[in-house]
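Only one structure is covered here, and it is reproduced in the block below.
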Amino acid sequence: MTLVILALVIWVAAWALNAWLSNGPLSNSRIAGIAVPLIFGATVLIVWELVVRGMNVAAVILPPPSVIAGTFAQNLPTLWADAVQTIGKGAVSGYIIGCGSAFIVAIIVDRYDFLRRGLLPVGNFMAALPIVGIAPILVMWFGFDWQSKSAVVVVMVFFPMLVNTVAGLRDTSAMQRDLMHTYAAGYFQTLIKLRLPAAMPFVFNGLKIATTLALIGAIVAEFFGSPVLGMGFRISTSVGQLALDMVWAEIVVAALAGSAFYGLIALIERGVTFWHPSQRK
Amino acid sequence: ADDVTLQLKWVTQAQFAGYYVALDQGFYEEADLNVTILPGGPDIAPGQVLAGGGADVMVDWLPSALAAREKGLPIVNIAQPFKTSGLMLTCWKDSGITGPEDFAGHTLGVWFFGNEYPFLSWMSQEGISTDGGEDGVTVLKQGFNVDPLLQRQADCISTMTYNEFGQVLEAGVTEDELVTFKYEDVGVATLEDGLYVLEDQLEDPAFVDKMVRFVAASMQGWKWAEENPEEAAMIVLDYDETGAQTEEHQIYMMGEVAKLTAGSNGALDEADYQRTVDTLLAGGSDPVITMVPEGAWTHAITDEALN
Amino acid sequence: MSVIEAKGLNLTFQTNDGPVHALKDVNLTIEKGDFVSFIGPSGCGKTTFLRCVAGLEHPTGGTLSVNGMTPDEARKARAYGYVFQAAGLYPWRTIGRNIALPLEIMGYSKSEQAERVKRVLDLVELTGFEKKFPWQLSGGMQQRASIARALAFDADILLMDEPFGALDEIVRDRLNEEVLKLWNNTGKTIGFVTHSIPEAVYLSTKIVVMSPRPGRITDVIESTLPRERPLDIRDSAEFIAIAHRVRDGLRAGHMDE
Amino acid sequence: MSVIEAKGLNLTFQTNDGPVHALKDVNLTIEKGDFVSFIGPSGCGKTTFLRCVAGLEHPTGGTLSVNGMTPDEARKARAYGYVFQAAGLYPWRTIGRNIALPLEIMGYSKSEQAERVKRVLDLVELTGFEKKFPWQLSGGMQQRASIARALAFDADILLMDEPFGALDEIVRDRLNEEVLKLWNNTGKTIGFVTHSIPEAVYLSTKIVVMSPRPGRITDVIESTLPRERPLDIRDSAEFIAIAHRVRDGLRAGHMDE
Amino acid sequence: MNKLGPVITVILAIVAFWYVAAVPMNVQETLTAAERAGVAVTPDNARARSEAGRWSLVFQNLDALGGSWSVDRARLPSPHQVLTEIYNSTWDEEVNGRRGIVNSGSFSNRSLVYHSGVTLGATVLGFLIGAGFGILLAVGIVYSRTMDRSVMPWAIVSQTIPIVALAPMIIVVLYSIGIGGMMPKAVISAYLSFFPVVVGMVKGLRSPDHMQLDLLRTYNASKSQGFWKLRLPASMPYLFTSLKIGIAASLVGAIVGELPVQRGGLGARMLSGSYYGQTEQIWAALFVAAILAALMVAIIGWIEARTLKRMGMAV
Ligand SMILES: Nc1ncnc2c1ncn2[C@@H]1O[C@H](COP(=O)(O)OP(=O)(O)OP(=O)(O)O)[C@@H](O)[C@H]1O
Ligand SMILES: Nc1ncnc2c1ncn2[C@@H]1O[C@H](COP(=O)(O)OP(=O)(O)OP(=O)(O)O)[C@@H](O)[C@H]1O
Ligand SMILES: Cc1ncc(C[n+]2csc(CCO)c2C)c(N)n1
Ligand SMILES: [Mg+2]
Ligand SMILES: [Mg+2]
C-alpha cells in the first residue's frame, strides 16, 4: 500500500515539475520541450513499477518495467532476429511495394477522372475491410513466411497512401494550374513541375500514416501463421507460455521501431517539403 | 448457490461437452453451483485468466500447466477427465514420410501458444533439430485450421483425433492418402484437458468444497455425454454463440472425445502423470521443464468427489 | 492590324444557381503598344475578359482575335505573359528557378535560361535574390518576381490581373513607376486590371470601365496624359479630370445594383 | 483628461531572429471625440500600437493610459470596441448572433440583446439580414456587420484596424461616408488604421504618419478640413495639400530602407 | 447516374477479374476434386501438381476446370459463392432457419444479422468511450501546455503498439477486475478510435485564428466562454472528419476483440470461418463488416451535413 501511495506522490510531483517546466521561465527552451515528455514517460514507468509491486499484481498479468527491461537486455539476439524477420523483411518490403504502387496508381487515377470517380469509392469500401479478416486469407495465399506479411502490409498501406496522393495531386490552386496553361505546358510537364511537388505534403502524410500501419500489419499477420520467428510469433507464443515479460519486450521493440520509422519519414519530409508553411514556422 | 467460473482452453465444441452437459442437464444446479463457462479462443491464455481472478478453474494441458508452474504460476491439477491423448501428427503419404526418421528436411505445422511442448519433447527425444536445415525439420506456426496440409504448405500438421483429423477427412482426403502419428502410439503422449486451480485457493475449505461438487458434477456430465454422444453434441451446439459449429462435425467430435475420456473416472492417474513429466524432462538440451515439479497435482478433490 | 480585337463577345457561365452572364456584347480593340486598364466593381468581368484573351476561358459568343489568331492558338504560340493577382510563385522553387519555369517548359537551353533569368531579375531589381525562396521575400518583391517570370520569355503582350492588389500604397506607387518604365522601354502591349482609380489613370493610354450583371463595358476613356509620367502628375488638373470621369462611370455602374 | 495618452511608449518583440523593435518612443495624445488615422508602410507598428491601446499587447517601456486606466483595466471595463482588418465574423453564427456575441459575453439580458442588435443593424443599414449567415453577404456588408458588432455595446472608443482593406474603392467610399456619419452622430473617439492616403485625409481630425524599423511616429498632421465632409471634398485644394503632406511623410519613411 | 456509372464500371471490372483469378487460384483444389470424381488430370498426382505452376496446370487441364467457381474450401471463392453465403446467412437463415427470427422470434446466432448486432453494440459503445475520451484529452491538450507537451508524443507512440497483440491481455486483465461482456471489446474499440479524434479535435480546437481569439479578448471573455462560443463551434468540421475515421477504427477494434472471445460477432465469424476452412464464411463476414463501416460513416456524414448546415458552415 505504501508503494501505491508513493506512486501517487511521485505522479503528483512529476506533474508539478512538468507544469513548472512548461509554463515557467524555461517554457520556451529546447530542454523543456524534450524533458517534459521524457519526464512524463519516466513517471508512467515508475508508477507502473510501484503499483505492480505495491498491489502484488501477478507477473503473468502485468510484469513490472524493471523485469521487462531485464528480459529485453537478456534476449537481444532473439529480439533482433524477430525484428529482422518482421520489420526488415515483412514490413519494409510491404511498405515499399504498397506505397510505391499506390503512388503510381494515384497518378493514373488522377489522370483519368473516370477512374478517380469509380475507383476511390470502391477503394474506400475496400479500405474498410478489417485487416484481421484479410490476414488469414493472405497467409493462405502467400504462405507462412514473410511474403504473406508483406502482402498484408501492402493491403493495409495501399489505400491510405492512394487517397492521400490523389488528394495531393489535386491540391494545386487554380492559379498555379492556369499559369502552366498560359505556358501551354503539356501533361507531363505540369505533372513534374507542378503537381508532384505540390502533392508532397500529402504524400508524406500518407507515408507517415503508413509507417505505423506497416508495423502493426506485419505483426498481426504473424498471428495467423508464421515460421517460428518474428515479433508477432513471439508475442503470441509468449502469451501462451505466460512469459509476459517477453511479450512486453517485443512491444517495446515495436514502439521503438515504429517511432524511429515514423521519425525517419518525418525527417525526410522536412527535407523534401521544407517550403511548406507547416515546416517553416 | 456458489458461483464457479470455468475457463475453457478453446472455443465451444464437443471437446468440452462434459461441462456443457452438466450445465444443461442441471448437474451443477443440483450440486448447488452457479457455473459460468467462458469459452477460450486464440491467444487467450487460460492460466492468465486464472491468475487474474477471472476464473476459478480452468481446462488446460498438463505440459503447459507444468511449464506455467515452473514460470511461477502455482497451478494444481485437481481432476483429469481425459485419460488418453488425442494429439497426432498427420502427414501426406506421398511426401515419403513413413516414420520419425524421415522427418528431416520436411516442413511440419505445429500449434504454439503452449501447445508446442509435446511436439518439442518428441522431437528432442528423436534428436531432430527444429531449426530447419538439411537434417532438421522446418517448423511452421500453424494457424487454426488444416489448410496448410490441404494446400501442401506443410507435409505434416498437428491434428487432434477429434477435430482437425476429421476436418481433413471431411475435405475429401482418404485415410490411405495419409500417414498419421498418434503421440499415444509413439510413446510421447502427455496428459491433455485436465482441471486446474490456483494452489493457494486450495487452503480455503469453502473453495475446496465448491470444487469437490464441481468436479463431481462435471464427471457426471462427462459420463452422460459418453453415453448420449448425439444429444451431448446438440447441447454443445446450443451453447455455441458463434453459430459456426456444424451438427455433423460435433457429433463426430463427441464420438472421438468419448474414446479419450473413456478410461478416466476423473482422478489423475499417477502413472500417466509420471509419463508426461518424464517426456517433458527428457528433452535433451532443451527440455520443456527443467526440474521435477512438486505439488502440481492433488487427489484431494477427486477423492472427495468420486466416492 | 490590332493586337487584340473583341467583337460582340459574350460569355455565360453555367452554375448551380443558373447561368451567370459574365460578359455581354463586349467590343474592344487594342492596338500594338497600348496600355489598357480595366476597372470596375467586383464581379464585372475584368478577370473573365483577360482570361478570354489568354485562352483560359472560352467565350460563348462573338469573336476574339489575338495577334490575328484565336486566343488558343496565341496561347500555344506563347504570345503573352500573364501576371496573376497574387504572385503565385511556386514555394518549392527559388526565385531564380521560378523565373526559369516558363523557360524550362518552352525548352530553352540551360545557358539561355541562366542569361534570361539574370536579365529580368535585373530589370525588376531583384538581383541577388535569385537563390531565395518566395516566402523569404516581402510581398512587393514576390510580385516583382512574378512580373519577371512573365517577362522572361519575349511575349509581345503582357496581361496583368490586379498585380498590385495586395500591396500597400507606397510600394504600389513604386511598382507603378517601374511598370511604366518597362512599358516605355519594351513597347509591349499591356492589359491591366485594377480596382484603383489613380492607378488606372496613372498608367493607361486607355481606360475601360466595366459594370456588372451582366458584365459589360460602359465607358472607354482615351487618356490625354503624356507618355512620360512623373508620380506627381497625379496632382495635375488633367489627371483629376480623368479620374473624375472614371469615378462617375464606376458610380453609375454601382447605382444599377 | 485625454482619452488615450502614450508617453515614451516602447515595444520590442523577442523573435527567433532576434528582437524586433516594433514601437520606439511613441508619444501621442488623443482627445475625446478625435478621429485619428494611423498611416504608414507595412510593418511600421500601426497594428501594434492599436493592440497596445486595446490591452492585447503589452508595451515594454513607457506609459499608456486609456480613459485614465491602464489598457488592461480598460479592456476589462470594456471601454472600447475593436474592428479587425477582415470582418472576422464567426461563420457558424448568423449576422444577428454575431452582433449579439459581445452582448452574450457581457451578460446582457435576452431582450436587451435583441433590442441592441436591432438598433445597430439599423445603424449600419443591415436590417433584414439578421438571419443570414456571413457567407451569404458581400464583403462590404460583412464589414458593416463587424462594425455593428463593435458598436453593439456602448464603448466610447472605437479602434479600427484597416477595416476596409479588402474592399473595392467604390464600396470603400460608401463605408467611409457611413463611418463619418456615425462618428458625427455618436461623438465616439476613433482610432483608425489605413493604408490609403485619401481615406486617412478624408476621415481624420488627426493623421499619424509612422515609419518602420524601428516603428515610430514621424509626423502628426492636424486636419484643417471641416467636420462636415461631402465625398467631393477630395478634389479640393486643401484636401490635396494635406494628402501631399502625408505622401511626403510616407515617402520619407520608405526612403530610410 | 454519372456518379454511379464509373463506380459500377469499376465494380464490374473487379468482379470480372475476380472470376478470372479464381481459376488459377483454385486450380489445385479443382483438379483434386475432379480427380476424386474420376476425371483424368495431368499430372495425375497431387504432389506433382503442388509443385507445378498454377498457369501451367490451367493450360494442361482446360477441360477439367468446370468446378473452379464452385469448389469447397476454395482459396478464392467466386463472387456468387460469397453472395450466396451472405444471402444464406442473412435473409435465408432468418426467414427459413429453425433459429431465425421468423421461427424463433429472435435473431439466429447462425446469421450475420445477429453477429452484426453483436459487433455493432461493442463498436458503438467503444466509439462513444473513445470519442468522448479523445475529445476530453484534446480539450486538455489545447488548454494545458503541460498536457500538450507530456501526453501528445506518447499518444503517437501508443499507436505504434500492435493492439491486436494486446487485445487478449486487455481482455484477461479486464476479466480479472470483473469486467466482462461487451466492455472488453469496447475498450479495444475505444483505444483504436480515440487517437484520430484527439488529433482531429486538437487541430479543430486550435483552428480559430488570432483575430477570432483576440476578438474575445477585447470582450474580456472567460476561458469557458472562449470554449463554448469559439473553439468548440470552430472545431466541428474537424470533429466530424475524425469521427468518421474513428468509427471505422472502432469497428476494427470490436472485431479484433471478438477474435479471442469466441462469443459471437463478426470477428468470431471470421475466425470460425478460418478455423473450419470455410473461406466463403470469412469473405461474407468481411463484406458485411465493410458494409457496416460504410453505413456508420454514412450516418455520421449525414449528421455532419445536417449540423454544419444548421450552423451555416456547409458550403
Ligand atoms: N468559373 C466560373 N464559374 C461560374 N461563374 C464565374 C466563374 N468565373 C467567374 N464567374 C462569375 O462571372 C462574373 C465575373 O467574374 P470576374 O472574376 O471576371 O469578375 P472581376 O471583374 O474580375 O471581379 P473581381 O474584381 O472581384 O476580381 C462574376 O459574377 C463571377 O461570379
Ligand atoms: N507577435 C509578434 N511577434 C514578433 N514580431 C511581431 C509580432 N507582431 C508584430 N511583429 C513585428 O512588429 C512590427 C510591426 O508590426 P505591425 O503588425 O504593428 O505592423 P503594421 O504597421 O500593422 O503593418 P501592416 O500594414 O502590414 O499591417 C513588424 O516588423 C512585425 O513583423
Ligand atoms: C492459438 C491456438 N492454436 C492452437 C491451439 C491448439 N488446440 C489445442 S486444443 C484445440 C482444439 C482442437 O480441436 C486446439 C486447436 C490452441 N489452443 N490455441
Ligand atoms: Mg478578378
Ligand atoms: Mg497591421
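Chains as they are written, first to last, in my numbering: chain A, 7 to 287; chain B, 518 to 824; chain C, 396 to 652; chain D, 396 to 652; chain E, 27 to 341. The beta carbon of each residue, even a glycine, is placed where N, CA and C say it ideally should be.
Any non-hydrogen atom of ligand 2 within 8 Å of residue i CB
i, result
"E557/D", "yes"
"T443/D", "yes"
"P607/D", "yes"
"V603/C", "no"
"G456/D", "no"
"G438/D", "yes"
"G413/D", "no"
Residue i: CB within 8 Å of a non-hydrogen atom of ligand 5
i, result
"V588/D", "yes"
"K419/D", "no"
Any non-hydrogen atom of ligand 4 closer than 8 Å to residue i Cβ
i, result
"Q480/C", "yes"
Between the CA atoms of residue j and residue i - distance to the nearest angstrom
i, j, result
"L56/A", "L321/E", "45 Å"
"L175/A", "I325/E", "29 Å"
"Q54/E", "G129/A", "30 Å"
"A723/B", "D519/B", "10 Å"
"A813/B", "G780/B", "21 Å"
"I602/D", "L645/D", "12 Å"
"L192/E", "G158/E", "22 Å"
"T68/E", "I674/B", "27 Å"
"E652/C", "S432/C", "Interpretation of E652/C is limited by its pLDDT of 48, a score under 50 that renders its predicted location unreliable; the figure taken from the coordinates is listed afterwards. Whole-angstrom Cα-Cα distance: 23 Å."
"I818/B", "A734/B", "12 Å"
"M808/B", "D786/B", "20 Å"
"S156/A", "V46/E", "24 Å"
"G124/A", "M162/A", "20 Å"
"I187/E", "Y217/E", "11 Å"
"V259/A", "F230/A", "20 Å"
Near ligand 1: residue i beta-carbon under 8 Å from a heavy atom
i, result
"T410/C", "yes"
"G435/C", "yes"
"F610/C", "It should be pointed out that residue 610/C corresponds to Gly in this sequence rather than to Phe. Result yes, Cβ under 8 Å from ligand 1."
Where are the beta strand (DSSP E) runs, 3 residues long or more, that stay fully inside the segment 612–680 of chain B, in chain order?
624–627, 655–658 and 673–677
Quick check: the segment 245–259 of chain A against the segment 81–92 of chain A, are there 3 or more CB pairs under 8 Å?
yes
Sufficient close CB pairs (3 or more, under 8 Å) joining the segment 236–245 of chain E to the segment 108–119 of chain E:
no
Are three or more beta carbon pairs between the segment 528–538 of chain C and the segment 486–505 of chain C nearer than 8 Å?
yes
Determine which residues of the segment 181–193 of chain A have a Cβ less than 7 Å from any Cβ of chain C, and write them out in chain order.
M181, Q182, D184, L185, H187, T188, Y189, A190 and A191
For the segment 212–234 of chain A, which residues have a CB atom closer than 9 Å to at least one CB atom of chain B, in sequence order?
E228, F229, F230, G231, S232, P233 and V234
Output the residue ranges of the beta strand (DSSP E) runs that lie fully inside the segment 496–574 of chain D and measure 3 residues or longer, sorted by chain position.
552–556
Does the count of Cβ pairs from the segment 404–424 of chain D and the segment 610–626 of chain D closer than 8 Å reach three?
yes
Along the segment 730–759 of chain B, what residues have a CB closer than 9 Å to any CB found in chain E?
D757, E758 and T759
On the three-pair Cβ rule with 8 Å, is the segment 208–220 of chain A touching the segment 264–281 of chain A?
yes
Under 7 Å, CB to CB, which of the residues in the segment 547–571 of chain D have a partner in chain C?
D563, E564 and I565
Which runs of the beta strand (DSSP E) at least 3 residues long sit entirely within the segment 720–796 of chain B? Give them in chain order.
none
Where the segment 476–491 of chain D meets chain E: residues whose CB sits under 8 Å from a CB there
G476, Y477, F479, Q480, A481, G483, Y485, P486, W487, R488 and T489
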